[in-house]
Amino acid sequence: GAVVSQHPSWVICKSGTSVKIECRSLDFQATTMFWYRQFPKQSLMLMATSNEGSKATYEQGVEKDKFLINHASLTLSTLTVTSAHPEDSSFYICSAATLAGGWETQYFGPGTRLLVL
Amino acid sequence: DQQVKQNSPSLSVQEGRISILNCDYTNSMFDYFLWYKKYPAEGPTFLISISSIKDKNEDGRFTVFLNKSAKHLSLHIVPSQPGDSAVYFCAASASSNYKLTFGKGTLLTVNP
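Going down the list, the sequences are from chains B and D. Numbering of the first sequence is given in our numbering, commencing with residue 13 and proceeding in unit increments. Numbering of the second sequence is given in our numbering, commencing with residue 114 and proceeding in unit increments.
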């Protein structure tokens with residue numbers, strides 16, 4: 013199957029700093045990328061949907077000014093957690109999709125674990 | 114408000130036996146359902162799906178059953194193999210968009 017990478021795989025930062033997470037589709041062009049967050053013992057929760065070259069669509073309750081998403085190319089999307097706080101500590105996972113192929117073409121990255129001290 | 118529920122956090126079965134993972138949903142708009150498998154340190158990978166126009170879909174050792182009236186689906190793995198040990202996520206979507214709503218997952222352990 014297709015490969016989606018995330019970088020970094022884990023990050024520890026101080027409260028108030030910003031953290032950027034990259035999501036890359038390595039062997040295909042992704043028309044759409046999704047960003048999810050998973051708290052311990054909870055389900056993956058969709059944060060936002062981004063299409064290349066356009067603004068991301070955020071889910072209800074997700075602050076767009078705090079979680080900046082850039083989808084500059086068909087193979088790269090970035091999520092920046094601005095002014096991170098301990099409550100932002102979570103597992104962030106992206107997926108990349110060519111939606112013309114259906115839901116099954118949504119491929120997930122390995123995730124990034126963020127710890128804010 | 115959990116729209117997709119996997120009420121069993123874990124399941125343990127013997128190699129060669131059947132594994133049955135259950136999933137319930139509450140949103141009647143959901144009409145497409147998927148199962149994902151996740152190993153540690155990896156992202157979820159697509160396993161099998163079913164559309165609401167069907168009540169069964171089979172792919173090798175994996176079969177998904179859908180009971181729309183009960184808003185319930187299940188994944189059957191037979192025979193179970195130790196390599197099947199992973200976390201299994203149930204996900205649902207409405208055909209009007211590609212957003213996936215996930216359950217919390219069930220950790221399956223297949224013992225040799």
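For every residue, glycine included, the Cβ atom is placed at its ideal position computed from N, Cα and C.
Buried versus exposed call for residue i [16 or more other C-beta atoms within 10 Å across all chains shown]
i	result
Arg49 of chain B	buried
Ser21 of chain B	exposed
Leu46 of chain B	It is worth fixing the name first, because residue 46 of chain B is Phe in this sequence and not Leu. Buried is the call here.
Met59 of chain B	buried
Lys169 of chain D	exposed
Tyr152 of chain D	exposed
Ser62 of chain B	buried
Ala42 of chain B	buried
Ala199 of chain D	buried
Pro122 of chain B	buried
Ala154 of chain D	exposed
Ile163 of chain D	buried
Ser141 of chain D	exposed
DSSP beta-bridge partners of residue i
i	result
Gln50 of chain B	B:Phe103
Tyr211 of chain D	Its beta-bridge partners do not exist; DSSP assigns none.
Asn82 of chain B	B:Thr90
Phe202 of chain D	D:Tyr149
Arg125 of chain B	B:Trp22 and B:Phe103
Asp172 of chain D	D:Phe175
Ile163 of chain D	D:Phe146
Thr110 of chain B	Bridge partners of Thr110 of chain B: none, in fact.
Lys158 of chain D	According to the sequence as given, residue 158 of chain D is Thr; it is not Lys. Thr158 of chain D is bridged to D:Lys150.
**Prompt:** Taking one C-beta from the segment 114 to 132 of chain D and one from the segment 33 to 49 of chain B each time, how about it: are there three or more such pairs within less than 8 Å?
**Reply:** no
**Asked** What residues in the segment 205 to 225 of chain D bring their beta carbon closer than 8 Å to a beta carbon of chain B?
**Response** Ser206, Tyr211, Lys212, Leu213, Thr214, Phe215, Gly216, Lys217 and Gly218
**Request:** Please specify which runs of the beta strand (DSSP E), each continuous and at least 3 residues long, are wholly inside the segment 17 to 80 of chain B, giving them in chain order.
**Result:** 22 to 25, 31 to 37, 44 to 50 and 57 to 63
**Request:** Name, going along the chain, the residues of the segment 45 to 65 of chain B whose beta-carbon falls closer than 9 Å to a beta-carbon of chain D.
**Result:** Phe46, Tyr48, Gln50, Lys53, Gln54, Ser55, Leu56, Met57, Leu58 and Thr61
**Asked** When the Cβ atoms of the segment 192 to 210 of chain D are set against those of the segment 144 to 162 of chain D, are three or more pairs found closer than 8 Å?
**Response** yes
**Asked** Name the residues in the segment 145 to 166 of chain D whose C-beta lies less than 7 Å from a C-beta of chain B; which are they?
**Response** Answer set for the segment 145 to 166 of chain D: Tyr145, Leu147, Ala154, Glu155, Gly156, Pro157, Thr158, Phe159 and Ser162.
**Request:** Tell me, please, whether the segment 127 to 137 of chain D touches the segment 154 to 161 of chain D by the rule of three or more beta-carbon pairs shorter than 8 Å.
**Result:** no
**Item:** Ranges of the beta strand (DSSP E) found wholly within the segment 115 to 139 of chain D, counting only runs of at least 3
**Value:** Along the length of the segment 115 to 139 of chain D, whole beta strand (DSSP E) runs at least 3 residues long occupy 123 to 127 and 132 to 138, reported in chain order.
**Asked** So, do the segment 90 to 98 of chain B and the segment 72 to 81 of chain B have three or more beta carbon pairs nearer to each other than 8 Å?
**Response** Yes, the segment 90 to 98 of chain B touches the segment 72 to 81 of chain B.
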